[in-house]
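Chains as they are written, first to last, in the working numbering: chain F, 1 to 256; chain E, 1001 to 1256. Even glycine gets a Cβ: it sits at the ideal position worked out from N, Cα and C. In this text the structure is predicted, and so the values were computed from the model without any measurement. Below: one structure, written as structure tokens.
Structure below.
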């Protein structure tokens, strides 16, 4: 884990880092309270498709968690995202997803499905390596761990959580289970940590039946599905407060 | 509004009262912070079928709201419930609902539907009269108003809220919309205040499709459905915290 920059403002230290995982350079950011000493909860934040590790909404949550709860927060660029793609390819991916939303296109063609599965396969060891690395920092240590990731963050989060015993709770959402997704269903069934699953009633990319099917598939005894009106990118602001309180309930507040 | 008893303990004053509405004696309770002065938010609490105005879960919430948020809380016995029935009739009603839960009996026969509609019809003006009465108290006044009621509390709450402009937000749930319930659907559509709609995934009395249909029917732009695993009487404890925060977001904290 190599730090490449550090900035501290408004009580939050933001450090960029790089990891090498299976020959790939994985860029990430860790946010911690200024002057943090000793172990604390850490929240892993998986960004959505076409987004990156420092997208506005994620950055705002990361700063709030470090500032108000004294947690550490970590984000990495998913394969093919952020610093791991070109501006042109990122713009093309955004145009593609916008067209899918406008066209209410649910599901993906077989080629795209294979591409997504490959990306997911690469992202899982990257999250494992990231957690390994941040836990060597004294200001993170062996504190409790949460995962946050909706949409693509759930496509990656489900196989990651299925293979990871160090995460205590997770916020997932904007994703579903359709027939033929047997491996995803099996992974979901093996997740038994408390879950908050957020869903949009008018999601252009996933219908509520698929969302309920994924919610049902999770092996967790404590799981709650929050359904709000609106489309895929319209999670209402008040849910941010719910995410934070969910993590607080399961991870506890940060220390010094 | 005639007070019949008053007890203050642990910082909460509990006063029993009676109202006369359309020739009926309606018994109620109001909880307020000890020594409360001036207007404050008030939460109207509608108990479930076979329950009463001082059932354990309601009493615990009422005390917590008065103590922690300095809100006023009001509950009344619904028609045919609490002090408005006999112990024998109440026991028979409880046995009936337990048999329905055990038998997973959804919907009701026409006679029972008529009986429920009549009860609802009587409960609506009783809630209006109750709000009129408590607003004459200086320690309630014209503060913001919330409504809480699941199961029968929603069967009564939907027509009540449809006819009441003084309520700012409501927690509803454990109820659904089936074909033929056109009046209930129209009442739901006319409710535009923020709603938290809580639902149990394995509710023995209402399936999730009926629950989603009612959620969809509400006219509110800001509405969230919380789905948890478990049966009709199994709302998990953490939802109590969500109810309180929902009311806090929309009603604000109580004053002196």
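Exercise. Does residue 1202/E have its Cβ less than 8 Å from a Cβ in chain F?
Worked result: Within the second chain, residue 1202/E is the residue found at index 202, counting from 1. Chain F, which has no Cβ nearer than 8 Å to the Cβ of residue 1202/E, makes this no.
Problem set entry | Per-residue DSSP class, three states only, for residue 8/F | Walking along the first chain from the start, residue 8/F turns up at place 8. Of the three classes helix, strand and coil, the one that applies to residue 8/F here is strand, per DSSP.
Exercise. By Cβ distance, which residues of its chain are closer than 8 Å to residue 38/F, with the 5 residues on each side in sequence left out?
Worked result: Locating residue 38/F in the first chain gives position 38, where the first residue counts as 1. Excluding positions up to five away in sequence, the list reads 138, 139, 141, 255 and 256.
Exercise. Are the C-beta of residue 208/F and some C-beta of chain E separated by less than 8 Å?
Worked result: What you label residue 208/F is simply residue 208 of the first chain in a count that begins at 1. With 8 Å as the cut-off, residue 208/F counts as an interface residue toward chain E.
For this session: Give the interface partners of residue 1191/E over in chain F, defined as CB-CB distance under 7 Å, in chain order.
Result: As a first step, residue 1191/E must be located in the second chain, where it is residue number 191. Those within 7 Å of residue 1191/E in chain F number zero; the least Cβ separation is about 14 Å.
Problem set entry | residue 1228/E, DSSP secondary structure in three states | Along the second chain, one-based indexing puts residue 1228/E at 228. Residue 1228/E: strand per DSSP, three-state reduction.
Exercise. Going along the chain, which residues of the region 123-141 of chain F sit with their C-beta nearer than 9 Å to a C-beta in chain E?
Worked result: Cβ contacts with chain E come from no residue of the region 123-141 of chain F.
Exercise. When you compare each of 62/F, 3/F and 213/F to residue 180/F by their alpha carbons, which one comes out closest?
Worked result: Translated into the one-based positions of the first chain, residue 180/F becomes position 180. Closest option to residue 180/F, Cα to Cα, is 213/F.
Problem set entry | Partners in chain E for residue 238/F, counting only beta-carbon separations shorter than 7 Å | Here residue 238/F refers to the residue found at position 238 when the first chain is read from its first residue. Against chain E, a Cβ distance below 7 Å from residue 238/F picks out 1249.
Exercise. Quick one: any contact between the region 1183-1201 of chain E and the region 198-211 of chain F, if contact means 3 or more CB pairs under 8 Å?
Worked result: Segments in contact, no.
Exercise. Of all Cβ atoms in chain E, is any one closer than 8 Å to the Cβ of residue 41/F?
Worked result: Within the first chain, residue 41/F is the residue found at index 41, counting from 1. Not closer than 8 Å to any Cβ of chain E, the Cβ of residue 41/F fails to qualify, so no.
Exercise. Taking C-beta to C-beta, are residue 1026/E and residue 1109/E nearer than 8 Å?
Worked result: By one-based count along the second chain, residue 1026/E stands at place 26. By one-based count along the second chain, residue 1109/E stands at place 109. With a cutoff of 8 Å on beta-carbon distance, residue 1026/E and residue 1109/E are scored as not near each other.
Exercise. Residues in its own chain within less than 8 Å of residue 1100/E by CB, not counting five upstream and five downstream?
Worked result: Within the second chain, residue 1100/E is the residue found at index 100, counting from 1. Listed in chain order, the non-local C-beta contacts of residue 1100/E below 8 Å within the same chain comprise 1204 and 1205, local neighbours out to five positions each way being set aside.
Exercise. With a cut-off of 8 Å, do at least 3 Cβ pairs link the region 1050-1070 of chain E to the region 1165-1175 of chain E?
Worked result: The region 1050-1070 of chain E makes no contact with the region 1165-1175 of chain E; the number of CB pairs closer than 8 Å stays below 3.
For this session: Assuming residue 171/F and residue 243/F form a contact by the criterion Cβ under 8 Å, report the distance between their Cβ atoms to the nearest whole angstrom.
Result: Translated into positions along the first chain, residue 171/F becomes position 171. Translated into positions along the first chain, residue 243/F becomes position 243. Right, their Cβ atoms sit about 5 Å apart.
Problem set entry | Within 8 Å, strictly: CB atoms of residue 19/F and residue 129/F | For the purposes of this step, residue 19/F is identified with residue 19 of the first chain, where counting begins at 1. For the purposes of this step, residue 129/F is identified with residue 129 of the first chain, where counting begins at 1. In contact: residue 19/F and residue 129/F (Cβ atoms closer than 8 Å).
Problem set entry | Exposure label - residue 1163/E; buried when at least 16 CB within 10 Å | One-based indexing of the second chain puts residue 1163/E at position 163. Exposure of residue 1163/E is indicated by the presence of fewer than 16 other C-beta atoms within 10 angstroms of its C-beta.
Exercise. Looking at C-alpha atoms only, which residue of 9/F, 83/F, 97/F and 235/F is the closest neighbour of residue 54/F?
Worked result: As a first step, residue 54/F is located in the first chain; it is residue number 54 there, counting from the start. For residue 54/F, the nearest C-alpha among the options comes from 83/F.
Exercise. Alpha helix (DSSP H) containing residue 1160/E: first to last residue?
Worked result: Taking the first residue of the second chain as position 1, residue 1160/E is located at position 160. First-last of the alpha helix (DSSP H) with residue 1160/E: 1152-1162.
For this session: Name, please, each residue of chain E whose Cβ falls closer than 7 Å to the Cβ of residue 45/F.
Result: Along the first chain, one-based indexing puts residue 45/F at 45. Against chain E, a Cβ distance below 7 Å from residue 45/F picks out nothing, because the smallest value is about 22 Å.
Exercise. Helix or strand or just coil, what does DSSP make of residue 1015/E?
Worked result: Position 15 of the second chain, counted from the first residue, corresponds to residue 1015/E. The three-state reading of DSSP puts residue 1015/E in strand, counting E and B together.
Exercise. Residue 1025/E lies in the beta strand (DSSP E); which residues open and close that run?
Worked result: Counting from one through the second chain, the residue named residue 1025/E turns up at place 25. Counting along the chain, the beta strand (DSSP E) containing residue 1025/E begins and ends at 1024-1033.
Exercise. Using CA coordinates, which residue listed in 1096/E, 1125/E, 1088/E and 1079/E is at the minimum distance from residue 1119/E?
Worked result: In the second chain, counting from the first residue as 1, residue 1119/E sits at position 119. Nearest C-alpha to residue 1119/E: 1079/E.
For this session: List the residues of chain E whose Cβ lies closer than 9 Å to the Cβ of residue 212/F, in chain order.
Result: On the first chain, residue 212/F is found 212 positions in, with the first residue counted as 1. Within chain E, the C-beta atoms nearer than 9 Å to that of residue 212/F come from 1201, 1208, 1212 and 1227, in chain order.
For this session: Could you list which residues in chain E have their beta carbon closer than 9 Å to that of residue 222/F, in chain order?
Result: Residue 222/F sits at position 222 when you count from the first residue of the first chain. Those within 9 Å of residue 222/F in chain E are 1228, 1229, 1236 and 1238.
Exercise. Tell me, which residues are paired with residue 200/F by DSSP?
Worked result: As a first step, residue 200/F must be located in the first chain, where it is residue number 200. Under DSSP, residue 200/F takes part in a beta bridge, and its partners are 228/F.
For this session: Below 8 Å between beta carbons is the criterion; list the residues of the region 176-191 of chain F that meet it against any residue of chain E, in chain order.
Result: Correct list: empty, as no residue qualifies.
Exercise. Around the Cβ of residue 1005/E, are there at least 16 other Cβ atoms within 10 angstroms (buried) or fewer (exposed)?
Worked result: Here residue 1005/E corresponds to residue number 5 of the second chain, with the count starting at 1. Residue 1005/E comes out exposed.
Problem set entry | residue 1243/E in three-state terms, based on DSSP | Along the second chain, read from residue 1 onward, the residue named residue 1243/E stands at position 243. In this structure, residue 1243/E counts as helix in the three-state DSSP scheme.
Exercise. With a CB to CB cut of under 8 Å and the five nearest residues on each side skipped, what residues in its chain are close to residue 201/F?
Worked result: Taking the first residue of the first chain as 1, we reach residue 201/F at position 201. Cβ within range, chain order: 208, 227, 228, 229 and 230.
Exercise. Could you check where the alpha helix (DSSP H) with residue 44/F kicks off and where it finishes?
Worked result: For the purposes of this step, residue 44/F is taken as residue 44 along the first chain, with counting starting at 1. Element bounds for residue 44/F: not the alpha helix (DSSP H) but the beta strand (DSSP E), 42-46.
For this session: Since I believe residue 28/F is in contact with residue 153/F (beta carbons under 8 Å), could you give me their beta-carbon distance rounded to a whole number of angstroms?
Result: The residue given as residue 153/F occupies position 153 in the first chain. The residue given as residue 28/F occupies position 28 in the first chain. The beta-carbon distance between residue 153/F and residue 28/F, rounded to whole angstroms, is 14 Å. This is too long to meet the 8 Å contact definition.
Exercise. Between residue 95/F and the rest of its own chain, which residues show a CB-CB distance below 6 Å, the 5 nearest in sequence each way excluded?
Worked result: On the first chain, residue 95/F is found 95 positions in, with the first residue counted as 1. Within the same chain, residue 95/F has no close Cβ partners at all.
For this session: Report yes if the CB atom of residue 40/F is closer than 8 Å to the CB atom of residue 15/F, and no otherwise.
Result: Start at 1 with the first residue of the first chain, and residue 40/F comes out as number 40. Start at 1 with the first residue of the first chain, and residue 15/F comes out as number 15. Contact flag unset, no.
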